[in-house]
Amino acid sequence: LRRPAPDYGRGNYNDFNINRTGLSPEAIQDTQVKTGGIDAASPMGYGLVINMISKSGGNQFRGTGVLSYQPFNWNANNVASGTPATRQVHQYDVSFGGPVMKDKTWFFGAIRYTDNKSGTGRTPEQLSYHQAFFPDKPLDNNTITGYQPWAKMTTKLSAKHDLSLIYQADRLLLNVVGAEDYEQVEVLSTGGPMYGGKLT
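For the sequence shown, our numbering begins at 174 and goes up steadily by one.
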């Protein structure tokens, strides 16, 4: 089989931020990371050039399911006073793909659901202020939730032409509690839908 060309967008430091991209790893077939010797076809900018090849459905139905789980009490704590930065992870990845018409048209889909929390690290001095002003108020956690679906349809138009149609969404909702706050005071919503097509 010939190696498919990358079918995911490229970005660089000047105009692209991927620090909250939540694509399910179950959608990824292969990745390429360039740190030097960048060719002329790559975007100009700083840092890495990353290309991704997504999975395609084949002539057999296949699926996966992955659960990532870490409760707060699995975090070690060596902070004598104040509060440590902790993490709770509830993350679910599911994928499924197969033929629409064998040897001609295939589908593949993957989705990630994220429901994570993180505790904010605070110094003993910051914690004493909270206890003085709000003695009966529990301190909130940062929360990040979101759905990240990925869907791909691939068909052979002819012996030499393949058509791929792609849909992705990566809406994430982040509620932030700073070290000086006792409750969530900032809401950040990132992402949105993407539609793509590629004729090879």
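Ideal Cβ placement from N, Cα and C applies to all residues, glycine included.
Of all alpha-carbon atoms in Met326, Leu338, Tyr320 and Tyr368, the one lying nearest the alpha-carbon of Leu345 is that of Tyr320.
DSSP places Pro366 in the strand class (E or B) of the three-state scheme.
DSSP places Ser301 within a helical segment (H, G or I) once states are collapsed to three.
Annotation for Phe281: the continuous beta strand (DSSP E) segment containing it runs Thr278 to Gly292. Residue pairing by DSSP places Asn224 opposite Gln205 in a beta bridge.
Per DSSP, reduced to three states, the secondary structure at Phe269 is strand. Under DSSP, Trp247 takes part in no beta bridge, so it has no partner. With three or more CB-CB distances shorter than 8 Å, the segment 361-371 counts as touching the segment 327-347.
For Pro322, the secondary structure class from DSSP, reduced to helix, strand or coil, is strand.
From the listed residues Thr328, Tyr286 and Asp313, the smallest Cα separation to Pro272 is found for Thr328. For Gln299 and Thr256, the gap between their C-alpha atoms comes out near 9 Å. Lys333 is not a Cβ neighbour of Ser229, given a cutoff of 8 Å. DSSP places Ala253 in no beta strand (DSSP E); its state is neither H nor E.
Within the same chain, Ser197, Glu199, Ala200, Ser268 and Trp323 come within 6 Å of Ala283 by CB-CB distance, once the 5 residues on both sides are set aside.
Cβ neighbours of Ser241 within its own chain (closer than 7 Å, five residues either side excluded): Val262 and Gln264. The three-state reading of DSSP puts Ala200 in helix, counting H, G and I together. Counting C-beta atoms within 10 angstroms of its own C-beta, Asp276 has fewer than 16 neighbours from the protein chains shown and is therefore classed as exposed. For Ser241, DSSP records a beta bridge to Gln264. A residue is called buried once 16 or more other Cβ atoms fall within 10 Å of its Cβ, and Trp247, having fewer, is exposed. Beta bridge pairing from DSSP links Asp335 with Lys329.
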